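K.L.:
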Amino acid sequence: MPCFIEQAVSLRRISRAFGPVPAVSRVSLEVARGEVVLLRGPNGAGKSTLLRIVATALSPTSGSGRVLGFDLLDGREEIRRRIELIGHRTRLYEDLTAIQNLRFAALLYGADPALAAAALEEVGLGSAARERVRGFSQGMRQRVALARAHLRSPELLLLDEPYAGLDRDAGELVDAMVTAARTEGRTVLLVTHDASRAGLASRVVVMRAGHLHGATPAAETAAVRA
Numbered sequence: 090m091p092c093f094i095e096q097a098v099s100l101r102r103i104s105r106a107f108g109p110v111p112a113v114s115r116v117s118l119e120v121a122r123g124e125v126v127l128l129r130g131p132n133g134a135g136k137s138t139l140l141r142i143v144a145t146a147l148s149p150t151s152g153s154g155r156v157l158g159f160d161l162l163d164g165r166e167e168i169r170r171r172i173e174l175i176g177h178r179t180r181l182y183e184d185l186t187a188i189q190n191l192r193f194a195a196l197l198y199g200a201d202p203a204l205a206a207a208a209l210e211e212v213g214l215g216s217a218a219r220e221r222v223r224g225f226s227q228g229m230r231q232r233v234a235l236a237r238a239h240l241r242s243p244e245l246l247l248l249d250e251p252y253a254g255l256d257r258d259a260g261e262l263v264d265a266m267v268t269a270a271r272t273e274g275r276t277v278l279l280v281t282h283d284a285s286r287a288g289l290a291s292r293v294v295v296m297r298a299g300h301l302h303g304a305t306p307a308a309e310t311a312a313v314r315a
C-alpha cells in the first residue's frame, strides 16, 4: 500500500505513439491531490490520449508515472479501483438496465448498490432506471455515467469532454460534480473546449501537438486561447 502522497498524478516524460505517429510526446505533469486541472487544446492535441494513459486504458510507449501513489503499469488494478473516467465511450452494458449497470459497478468497485436508485434520481433518470441502456440516447448514457461517478465518489475523476451531447441541465450536473469533488478534497482532471468552465479549475494546462505548453491560474484563463 502506498503512503500518503501530495500528488494525485505524477507523469515523467510520458510518450505514446500509434505506429509512427506520436500522440503524446515527453509529457511531464504534476496534479496535486484536491486540485481541479482543466486541460485545453485543439482537436488532435493528444488530450484524450493523455487522459486514457492516466486511467490505465492505454499504456505509454515510454516514460513513467504514478497515479494516487501507484505505478501506471504495475498498479493498474489499484488505480482503476480509485478513479472514474467519463469520456466519449460511457462503458455501459447495453443489455442491462440503467440501475443494473450502477449496481454492477457498485459491486465491482466496493460502493453501496443500495444507493444506485438515488444516484439515478440525482441525474434525472429515476423514471428510466429499469429501462435497458440499449435504447438510450447519447445524452442519457452520459447521465448514467455521471450517476456511476456520483455513486462511486472516486479519488480521481477524469472527464473527457463531458459536456458533449448534454443539454444545459445535464451540463450543470457536471459542474456540480466537479465542484463537489473539489470541496471534498478529491482530484479532477477535466478536458473541455468550453472556456466558460474555466472557473471550475484552479489551473489550466494547454496541450498542442502532443506537448504541454505551461499552466495558467484559473483567474487568468480568459487570456488562454487553445
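Using my numbering, read the sequence shown as starting at 90 and increasing by one per residue.
Yeah, the Cβ is synthetic: ideal placement off N, Cα and C, and Gly gets one too.
Computed from a prediction, not measured in an experiment: that's the story for all the values here.
In whole angstroms, what separates the C-alpha of Leu-255 from that of Ala-217?
P.N.:
In a straight line, the C-alpha of Leu-255 is about 17 Å away from that of Ala-217.
K.L.:
Tell me the DSSP bridge mates of Met-296?
P.N.:
In the DSSP output, where bridge partners are listed per residue, Met-296 has Leu-301.
K.L.:
Looking only at its chain, what residues have a beta carbon closer than 7 Å to the beta carbon of Ser-148, apart from the 5 residues adjacent to it on each side?
P.N.:
The answer, listed in chain order, is Leu-162.
K.L.:
Given this structure, state the Cα-to-Cα distance separating Thr-272 from Ala-265, to the nearest angstrom.
P.N.:
Looking at the two C-alpha atoms, the distance is approximately 10 Å.
K.L.:
Tell whether a beta-carbon distance below 8 Å holds between Glu-183 and Arg-221.
P.N.:
Contact flag set, yes.
K.L.:
Name the residue from Val-120, Arg-101, Phe-107 whose alpha carbon lies nearest to the alpha carbon of Arg-275.
P.N.:
When only C-alpha atoms are compared, the closest one is Val-120.
K.L.:
Apart from the five residues just before and just after Phe-159, which ones in its own chain have a Cβ nearer than 6 Å to its Cβ?
P.N.:
If we look at Phe-159 and ignore the five residues flanking it on each side, its Cβ neighbours are Glu-167, Ile-168.
K.L.:
Looking only at DSSP bridge pairs, what is Val-156 linked to?
P.N.:
Beta-bridge pairing links Val-156 to Val-98, Phe-159.
K.L.:
Classify Ala-308 as buried or exposed, calling it buried when 16 or more other Cβ atoms lie within 10 Å of its own Cβ.
P.N.:
Low confidence applies here, because Ala-308 scores a pLDDT of 49, under 50, leaving its location unreliable; read the following figure in that light. Exposed.
K.L.:
Taking the C-alpha atoms as reference points, what is the distance between Gly-199 and Ala-290?
P.N.:
Each residue's Cα considered, the two are about 29 Å apart.
K.L.:
Here's the rule: buried if 16 or more other CB atoms are within 10 angstroms of the residue's CB, otherwise exposed. What is Ala-311?
P.N.:
Per-residue confidence for Ala-311 stands at a pLDDT of 41, beneath the threshold of 50, marking its modelled position as unreliable; the derived number appears in the next sentence. With fewer than 16 Cβ atoms within 10 Å of its Cβ, Ala-311 is classed as exposed.
K.L.:
Give me the residue from Ala-287, Ala-238, Gln-96 with the minimum Cα distance to Ile-172.
P.N.:
Nearest of Ala-287, Ala-238, Gln-96 to Ile-172, Cα basis: Ala-238.
K.L.:
Look at Gly-39 and Ala-259 and say whether their C-beta atoms are less than 8 Å apart.
P.N.:
In the structure displayed, the chain extends from 90 to 315; residue 39 sits before or after that span and is not available.
K.L.:
Using alpha carbons as the reference points, say which of Ala-253, Asn-132, Thr-150 lies closest to Pro-111.
P.N.:
Selected option, being the one with the closest Cα: Thr-150.
K.L.:
So Ile-175 packs on Pro-243, CB below 8 Å; how close in whole Å?
P.N.:
Wrong, their Cβ atoms sit about 10 Å apart, outside the cutoff.
K.L.:
Measuring only from the beta carbon, is Ala-121 closer than 7 Å to any heavy atom that is part of the ligand MN?
P.N.:
This structure lacks the ligand MN; in fact it carries no ligand of any kind.
K.L.:
Taking 8 Å as the threshold (C-beta atoms), are Leu-240 and Ala-270 in contact?
P.N.:
Cβ atoms of Ala-270 and Leu-240: not closer than 8 Å.
K.L.:
By the three-class DSSP mapping on this structure, what secondary structure does Asp-249 have?
P.N.:
Of the three classes helix, strand and coil, the one that applies to Asp-249 here is strand, per DSSP.
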